[in-house]
Amino acid sequence: MEKVYDICCGVDVHKKLIVACLRSGRKNEIRQFGATTRELLEMAAWLDEAKCEMTAMESTASYWKPIYNVLETWGLPVMVVNAHHMKAVPGRKTDVQDAEWIADLLQHGLLKASYIPSKDQRELRELVQYRKSLIEDRGRELNRLQKMLEGGNIKLSGTVTKINGKSARNILDFIVGGGFFDEAKYDEMLANKEIANNLKASREQIIDDLNGVLSPIQRRVMKELLSHLDELDEHIRNLDDDIDRFMKQKDKEAVKAIEEIPGLGKNSAQAVISVIGSDMSRFPSDRHISKWAGLCPGNNESASKRKSGKTTKGNKLLRTTLINCAHSAVKVKKSYFAAQFARISTHRGKKRAYVAVAHSMLIAIYYVLNDGIAFKDLGADYYNQFNKERKANGLLKKLKALGYDVTIAAVPDIA
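The numbering of the sequence shown is my numbering, which starts it at 24 and goes up by one.
This is the structure in structure tokens:
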């Protein structure tokens, strides 16, 4: 096979051990290093002195990240490869043989580099991922609070729309403090604008729902839950500010551009941009980015027959963000995404329909960023523009099966 690199290095990565195979021509030089920064710098100096043209390593957990950062800072070319794409022959696996195998594949150009964003984008992604984790923690704490309220027979969720809203919080502070909610207290809080005048339940129902039986231990636990929720809210607000300051101007413009897509809010748009960036030149087409995100069907064909192909694995943050956004997008009436969801969910199920909508949203994001155009919704009647005669005949057959004899006539377009 033709050689692509004369001097290259394959690295087998572990938590505390790094095995590097420097391949020059047909000669291999094996060295082992620890995972400390000092030893990583020694490895970088060794590769630089050997004039290594390219270094390749598996994307093993997060252990590859410090190696990649050191080699990138040193100015050495490096690629991260999906371990699934270069499995060695079974029964011949040792750390040294793994490094040699990676170096051999690299030398002959048989490895495909994974997409690794720039350092600034990687740091932005860490901020966004941490904010997402805190938001999920807040959701779990709200569930615990709701469970505690139900245990005390306080039906707050039937009284307010959100149990973490302003009205709910003022009510909870009063109840946790040991207060008894009666008509006088309701009128007082309403006059002081501590609660809204348009709550879900009536005045009498609110009073009945909020008078449960809480033990001192339950009040103590609820107090800690509320305190923790306040801390989480503060941390999330701080991260929001940090993300706004850290994002570059072109990324902020990209966020505003894709926010026009139904279902995408500011936080979701920031998460998408932190993963794919604002430059779409790294993705040759919308099919490439869909495959990379794991939102398009996989290939499963045999004997010229296409079978069901499940979606492949992709970027977890991007995939989960877009699927969550799809749940919001399908609720926008008279939109293309709502029509697409209704069309697919009837015969494929809701879960597959949400993935399909997320796929369409990613395609829209790609063209908005790649072509620099504004998003234009195709509308809820998009699918009605195709095969009108066949659809009409199908509906007529259903009516005849129900015992109706119907004749149809085309309605002229009104200018």
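Where is the CB? At the ideal position from N, CA and C, for every residue including glycine.
In terms of Cα proximity to V244, the closest of P89, L425, P435 and L172 is L172. Judged by DSSP secondary structure, I396 falls outside any alpha helix (DSSP H); it is assigned neither H nor E.
Judged by DSSP in its simplified three-state form, G201 adopts coil rather than helix or strand. Of all C-beta pairs linking the region 96-109 to the region 72-82, three or more are shorter than 8 Å, placing the two stretches in contact. With at least 16 other beta carbons inside 10 angstroms of its own, P285 counts as buried. Annotated three-state conformation of I218 is coil, per DSSP. Closest in C-alpha terms to I30, from the list L70, I41, K38 and F56, comes L70. Unbroken beta strand (DSSP E) stretches of 3 residues or longer found wholly inside the region 53-93: 77-81, given in chain order.
Counting only runs of 4+ residues, the alpha helix (DSSP H) found wholly inside the region 273-332 occupies 289-299 and 309-316, in chain order.
Contact between G48 and E123 does not hold, since their C-beta atoms are separated by about 14 Å, which reaches or exceeds 8 Å.
With respect to I259, I158 sits close: the two C-beta atoms are nearer than 8 Å.
The beta carbon of E283 sits closer than 6 Å to the beta carbons of F398 from its chain, once the five residues preceding and following it are set aside; these are given in chain order. Going by beta carbons, M303 and L147 fall outside the 8 Å limit. By the 16-neighbour rule on beta-carbons within 10 angstroms, I431 is exposed.
Annotation for G175: G235, V236, L237 and Q241 place their beta carbon closer than 7 Å to its own, counting only its chain and skipping 5 residues before and after. In this structure, the straight-line span from the alpha carbon of L418 to that of A403 is close to 19 Å. Rounded to the nearest whole angstrom, the CA to CA distance from G132 to I90 is 21 Å. S47: member of the beta strand (DSSP E) spanning I41 to S47, first to last residue. In this structure, the alpha-carbon of L45 lies about 26 Å from that of P140.
Residue state for G175 is assigned as coil, using DSSP reduced to three classes. With contacts defined by Cβ atoms closer than 8 Å, K223 and G188 do not form a contacting pair. Going by beta carbons, V151 and Q293 fall inside the 8 Å limit.
Looking from the CA of W87, the closest CA among A326, S137, D232 and R163 belongs to S137.
Between V298 and L341, the gap from beta carbon to beta carbon is short of 8 Å.
Inclusion of I346 and Y377 in the CB contact set at 8 Å is warranted, their separation being smaller than that value. Per DSSP, reduced to three states, the secondary structure at T334 is strand. Under a 10 Å Cβ-count criterion, S313 is classified as buried, with 16 or more other Cβ atoms of the shown protein chains found around its own Cβ. At a Cβ-Cβ threshold of 8 Å, Y209 and R192 do not count as neighbours. Cα atoms of L248 and E164: separation of roughly 7 Å, rounded to the nearest angstrom. Annotation: G33 is outside any alpha helix (DSSP H); the continuous beta strand (DSSP E) that includes it extends over I30 to V36.
For the region 98-177, the continuous beta strand (DSSP E) assignments of 3+ residues that do not extend past its boundaries occur at 101-104, in sequence order. A distance below 7 Å between beta-carbons, with the five flanking residues on each side excluded, links R305 to the following residues of its chain, in chain order: Y138. Contact check for A349 and A387: beta-carbon distance about 12 Å, past the 8 Å limit, so the pair fails to qualify.
In the structure shown, N51 falls within a strand segment according to DSSP collapsed to helix, strand and coil. Selection K330, L385, Y406 and E95 evaluated against S308 yields L385 as nearest (Cα-Cα). Counting along the chain, the unbroken alpha helix (DSSP H) around P239 starts and ends at P239 to F269.
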